[in-house]
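Protein chains in written order, with this note's numbering: chain A, 454 to 1243; chain B, 454 to 1243.
The following block contains the structure:
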């Protein structure tokens, strides 16, 4: 999945065979471990060299005052940025008093591998110190999916060619200096430390640091417990100061002898609780982890993941690199959401500080979309977090002069962090995107309690927003004017089709949920007049259409704009927004990322097949994919409209990463591999889920011999296996399920798999990309090696 | 003109009879003296108390780095702000060592008056010091219209009730502390002094200070010469330090004796010249002024203004307050432009630091509009400045991906200072507005040299901008998408009618000018293909129209937007932009200021009369006048469509000022009284100037018995006198002139005045303003006193 010789292809594991300083930070993002609550970047155990060191706790941020671009209300007063917390994963090594550092001495072997089946990052290295002594170092690291406060490290040192004095320093380190994130041109944070020390302690083999963030006032505690085994003469000592707590182990270790350290790290934070309470919280987590012990944590982790993969594995025969990428990608999607528990899913999960740690609509549209069918409990948790933020969203809507809730376009704790009007407040589609996730989750799980306690209220308040935002024209058509859709190159337009279609679903779903939960709806002030108004607005929502071209318009008047001059745009001027002023972009037909095309997938039931093909062809020729989120929707629609090879190219674009990307260095944008899963399952697999109906229309590209995927749906587990001419549907758990295959209904049952033939593909409408923006072709080659060609 | 008891009505002079601290700063703006090069705010001679002290030199600014709201090109890197220069008008007084300060002792009388016929601000005050000694102080101040570097003060002190030791301190003071301007929410300038001292000198009765602005590096020199007369024992001394030079005069002055000081102050600045050169420049100016002496300066000033008023006076019988306001307002318009000489006309002239001293399109559309018919030489100078800035505008257009020139929406030296995209770069209409001023000036003066040297190039480069900005649709219609017109509540729209109509005129004028000056046009690369393309684009420019409503659209889709809920908007929520977020405003039908209606005036020949009436009625009901520029266009169209009383209300809104306005405190927005002149002459007088044709359609409101105005046109001077039933046209200078009166042609000649009857008015189409936004009715009352009623 990584186009770099140090990262060989493996069907399951992410493997690294040497350390390339040029891609170190990207590797740290890809080797990051997280459970959605605690995140440890894949830094080397010894802390240095590093690209960007970091440990994160979901929800811990610092506030930075914003200079508003223009006076006026509706503009946030402060930005929020996820900040690194006390780093508990550091284990430093000295060999005969020489620090173990890959930049010095000689490295004989280096191998790291992250196995999505065990959830453990394993490392083996053999190193000769400048003094000449050679040691073998092995480490294992995990962030527990079963004990959410816990990260753990096991660390072994073994001299190879004679006795050495080995010193191991296990640290908790706060306010670690780190390079500034790249994506902050305007508001450079102040240089002073983010964490203010409150308490430091070290006793026996136990360490603890407590801090508070300077402005946001969040209390963070990190504590560690150790277990040391080594030869006779092994001695330990501890020390603590405000930003550092350290256990030092020293031992004379003979050749073939092993010094082993097991380190359990507990993390806790709170905006409200006192220092003793937060301290007690990490002590308790540490006690529980110690009771499990390192072997227990390993086994819990393996069992958790075995269960996950049994419900969620994706098998791809014929393209080992994609096989690896889809599994590693799905593992990161799981890591981002697994144990968030009423916190946001940040854009980069907890893999790095990119996007300032904000959560945006992409979490709902991509990450929660995938988790709905693979780890649905995580979806309920993330949407509970959105539910918690409703009071802020209600206040924000009122500030914007709107009814209902206006969820923020970028946030950590629920407060809007996007300052600029065209991109921030106008991007109201986030509300319908959250509603989409609610609708999808509820329909996919039949979680009636969630529907009643969480879903209803989210749907009602967002529906109210749309009704107050829009207006009827004299002909009775309902318009939503002056909004920005996902395509940020077309800010502030009237009747953005994506927004209107998503709002339409939102309005109807709110009315349906109110009918299902009539008593609760009454308590929210919903009456028949209101649900009727929602249904009426939904029925009459404007869907701009160009009669001459026979295609939908991305927004009113869009197809009347001048087409961007793609031929005159050199390759090095992409992404366009970094090289052309808004005045150039926003009055042209040029699409940053799938916008209308994404609606063709998410609201596919609202379009005739021939219309989808025309719309896809029209927008395909305008879409430059300046956002990595774009390829997912294009992959799905390419597959649906018969462009299977193109779909596969886009699928690969979602899943394969460029380690030289400065963006990847700041964390993995989880929505992108999530989009890769969608490209596989909804693209090649042709899965569609509208209302209560689950349907498939699988079709493989020539390259693939077999595609199989497993998913959860309405308390069933369903496995779909696709080969060239047919697909087999196997119900692994649950009662019979009515499904559709290429437009024909059938029933899947646990009795026997259902094998159905795939009808021949019709001739597709030709499509073309903008000049110079064709995706990399992913071709079949004789020896099945990956070939990248333009 | 000032609704405050301390400012009585006078047919010519602005008079102040007491000092009200609450309106002191506004009075300083209104009593400001300027010649367009030097500006002295109307501060009290003794410097304090003050609202906002200041002396300005046109073009002297400091640069402040801007934090861009969003990354991307096309955004300026620095803001420019007009800064106060060394203040030469200060004359402090001590009576028996007690400082003369209105806040202490007792004031028996205070009167200031600014006479537009003499250009002198005169002051008389009688004051008893806390010690009990009473003095009479008289001062006269002018900023010379004939010697542009010169300001001058005459100052007399006379003890009333016994001998006093009088001390007068005449100062040059740099880096005077001043309150921050109100309108800078985002970029507070640093607190350090703006002017860096370079030289200070005092010898005999002569003072001199030389400074440089810290970042923009402009050298500023101010020097003063004095003439002192007083009783025996009068002694003088001088001193100088980096930021202060002072002449001190002391004398024992008996009752009835007078100590008199005459102070001549010369100002100079340069971005390029050396310290000795700038110093020589002010020394030379001072020598010339000294040769004229105070009486000479007074006489030159009077003669200059006598000539001006002979060509420009406006007489209004029946409303003394309006009579005063239109004259004082026109005097300020003259002051803003008279001697700018290849510098900008800032939005506040040189009356205060408001709008940061920037020049915007309002200078061309309002101020130069008026000067074209009253002081045309000043217009040529201001447009020569725009011509000087073309190289920067050509670079800026290239940065925006456009051909031709993109003149800045706000600037001091030609560099764009507006950072925010919707309001700044998208407000491209400034280019057509400058072209409008070129077309108007050229047609009104037949200045062929200007046409050839200046006008042609401005027109060609702006026409090129429009051609590159626009595109033809498949039907051949030419569109200008994604721009912002004068109405800032409707940012970034397609085919803004105002912009399109002004661009249409721009394109045609460029083609015409190229044909008139074929050789110069060839040198600019203009060929027949290009002029044909301009004419074609002009011919096919989109003019959005709503067939259902039978009105033009302010921009494409505008009439499809929801109408703002005016009934639900309390009076204290205006101006709307300070209380509602852009998301609320920009998707609604609500008009900040006349936009389409202004086009109905400026491009009136493009509309049928009945269409204008329908369009005016439609937009009148949506226009909230949140900009003081709005009422002018509304006055003109109200008059044209038969709403004479409404026109008069709007005329009064342009001309009468509110001294409590914090905005007025920072300087007089010159475009507003200029709009008042337009409301009188084009509104009540019905003057239209399209192409070479000058026409009138005068009609008086009931209140006025007579209206007379004089103007310059094509080397003639024409006087128009309107009474209830007829108008008389008198050609005061120049050959016969073909004119139109209420649609009928006639010829004015110097032989005899032409008196023509005014036809009866037709029944107008009813109009209504938004709820709560009706202008103050200016009613007739029995004793002809002004009555303000809601």
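For every residue, glycine included, the Cβ atom is placed at its ideal position computed from N, Cα and C. On a predicted model such as this, the values are computed, not experimentally measured, just so you know.
Notebook entry, point to check: Does the distance from the CB of residue 626(A) to the CB of residue 540(A) come in under 7 Å?
Noted result: yes
Notebook entry, point to check: So with Cβ pairs under 7 Å, would you call residue 1222(B) a contact of chain A?
Noted result: no
Check: Looking at the C-beta of residue 878(B), does it have a partner C-beta in chain A at a distance below 7 Å?
Finding: yes
Notebook entry, point to check: When the Cα atoms are used, what is the spatial distance from residue 1109(B) to residue 469(B)?
Noted result: 15 Å
Notebook entry, point to check: Going by the beta-carbon positions, is the gap between residue 446(A) and residue 667(A) smaller than 7 Å?
Noted result: Here chain A comprises residues numbered 454 to 1243, so residue 446(A) is not present and cannot be evaluated.
Item checked: Bridge-paired residues (DSSP) for residue 1030(B) -> DSSP output for residue 1030(B) lists no bridge partner at all.
Notebook entry, point to check: Which residues in chain A sit within 7 Å of residue 945(B), going by Cβ to Cβ distance?
Noted result: 945, 1039
Next item on the list: Return no unless some Cβ of chain B is closer than 7 Å to the Cβ of residue 1036(A).
Entry: yes
Note to self: Can you pull out the residues from the stretch 990 to 1015 of chain B whose beta carbon lies closer than 7 Å to at least one beta carbon of chain E?
What the structure shows: Looking for chain E here will not work: the only protein chains present are A and B.
Checklist line | C-alpha gap between residue 864(A) and residue 1114(B), whole angstroms | finding: 39 Å
Next item on the list: Indicate the three-state DSSP secondary structure (helix, strand or coil) for residue 1211(B) in the structure shown.
Entry: coil
Margin query: Less than 7 Å between CB atoms is the rule here; does residue 1027(B) satisfy it with respect to chain A?
Written below: no
Checklist line | Segment limits, alpha helix (DSSP H) that includes residue 827(B) | finding: 822 to 827
Item checked: Residues near residue 463(A) by beta carbon distance below 7 Å, same chain, minus five either side -> 777
Next item on the list: Tell me, please, whether the CB atom of residue 608(B) is closer than 7 Å to any CB atom in chain A?
Entry: no
Notebook entry, point to check: Can residue 478(B) and residue 505(B) be called in contact, C-beta distance under 7 Å?
Noted result: yes
Next item on the list: State the DSSP-derived secondary structure class of residue 535(B), mapped to helix, strand or coil.
Entry: strand
Notebook entry, point to check: How big is the Cα-Cα spacing for residue 432(B) and residue 789(B)?
Noted result: As shown, chain B starts at 454 and ends at 1243. That puts residue 432(B) outside it, with no answer to give.
Notebook entry, point to check: What first and last residue would you give for the beta strand (DSSP E) that runs through residue 587(B)?
Noted result: 587 to 596
Notebook entry, point to check: Taking only beta-carbon atoms, is residue 561(A) less than 7 Å away from chain B?
Noted result: no
Item checked: Meets three-Cβ-pair contact criterion under 8 Å: the stretch 755 to 775 of chain A and the stretch 1147 to 1162 of chain A -> yes
Next item on the list: Output yes or no for whether 7 Å exceeds the beta carbon distance between residue 1039(B) and residue 1118(B).
Entry: no
Item checked: Interface flag, residue 523(B) vs chain A, CB-CB below 7 Å -> Any answer about residue 523(B) is weak, because its pLDDT of 44 lies below 50 and its placement is not dependable; what the coordinates show is given next. Interface residue, yes.
Checklist line | Pairwise C-alpha distance: residue 1047(B) and residue 1227(B) | finding: 15 Å
Check: Would you call residue 895(A) buried or exposed, if buried means 16 or more other Cβ atoms sit within 10 Å of its Cβ?
Finding: buried
Notebook entry, point to check: Any idea what DSSP makes of residue 1161(B), helix, strand or coil?
Noted result: strand
Next item on the list: Name, please, each residue of chain A whose Cβ falls closer than 9 Å to the Cβ of residue 460(B).
Entry: Under the 9 Å cutoff, chain A gives no residues; its nearest Cβ is about 31 Å from residue 460(B).
Check: DSSP state of residue 1168(A), grouped into three classes?
Finding: coil
Item checked: Within-7 Å CB hit, residue 935(A) to chain B -> yes
Next item on the list: In the DSSP assignment, find the unbroken beta strand (DSSP E) run with residue 653(B) in it and report its ends.
Entry: 648 to 656
Note to self: Going by DSSP, what residue range makes up the beta strand (DSSP E) through residue 493(B)?
What the structure shows: 491 to 493
Next item on the list: Give a yes or no on whether the minimum CB-CB distance between residue 926(A) and chain B is below 7 Å.
Entry: yes
Note to self: So, at 7 Å on beta carbons, what are the nonlocal neighbours of residue 669(A) in its own chain, with the 5 sequence-adjacent residues on each side left out?
What the structure shows: 514, 515, 516
Note to self: Suppose contacts are defined by Cβ-Cβ distances below 7 Å. Is residue 1148(A) in contact with residue 803(A) by that definition?
What the structure shows: no
Checklist line | At least 3 beta-carbon pairs within less than 8 Å: the stretch 1071 to 1079 of chain B vs the stretch 977 to 984 of chain B | finding: no
Next item on the list: Determine which residues of the stretch 846 to 857 of chain A have a Cβ less than 9 Å from any Cβ of chain B, and write them out in chain order.
Entry: 852, 853, 854, 855
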